[in-house]
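In short: position in the sequence shown from 1, add 69, done, that's this note's numbering.
Heads up: the structure comes next, in structure tokens.
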Amino acid sequence: MVGKIKIGINGFGRIGRLVARVALQRDDVELVAVNDPFISVEYMTYMFKYDSVHGHWKHHELKVKDDKTLLFGEKPVAVFGSRNPEEIVILYIMLLNAC
């Protein structure tokens, strides 16, 4: 059996939130990171929970762990605010090595 496909989302606007919703409901995909330099983790959480087009998030709880981590249920998702997408991979590798 093949492991889960790990994905990161660059931009947490309407499309990014939709991709996250689909990924979080699949068993073969794991959301590991979100990058959006223009919004805070608190606003990301609010927009995801109360999306005016896709409806309220009714699956597992979503909350802010800290300014670099969202918790979807018990699953941590790293949050970055980099304008340069090339930096995201470096930051994620540094995060993994710190754990």
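Ideal placement from N, C-alpha and C gives every residue a C-beta, glycine not left out.
Keep in mind that this is a model prediction, so the values were computed, not measured.
Inter-residue Cα distance where the pair is residue i and residue j
i: residue 155; j: residue 136; result: 21 Å
i: residue 138; j: residue 82; result: 18 Å
i: residue 131; j: residue 157; result: 23 Å
i: residue 127; j: residue 142; result: 11 Å
Span of the alpha helix (DSSP H) around residue i
i: residue 81; result: Looking at the DSSP string, residue 81 is not in any alpha helix (DSSP H), and its letter there is neither H nor E.
DSSP three-state assignment for residue i, whether helix, strand or coil
i: residue 28; result: The first residue shown for the chain is 70 and the last is 168, placing residue 28 beyond what the model contains.
i: residue 117; result: helix
i: residue 99; result: strand
Unbroken beta strand (DSSP E) run spanning residue i, endpoints
i: residue 127; result: No beta strand (DSSP E) contains residue 127, which DSSP labels as neither H nor E.
i: residue 135; result: 131-135
i: residue 141; result: 138-141
Rounded distance between the beta-carbons of residue j and residue i, thought under 8 Å
i: residue 76; j: residue 100; result: 6 Å
Paired residues, beta bridge with residue i - DSSP
i: residue 106; result: None; residue 106 has no bridge partner.
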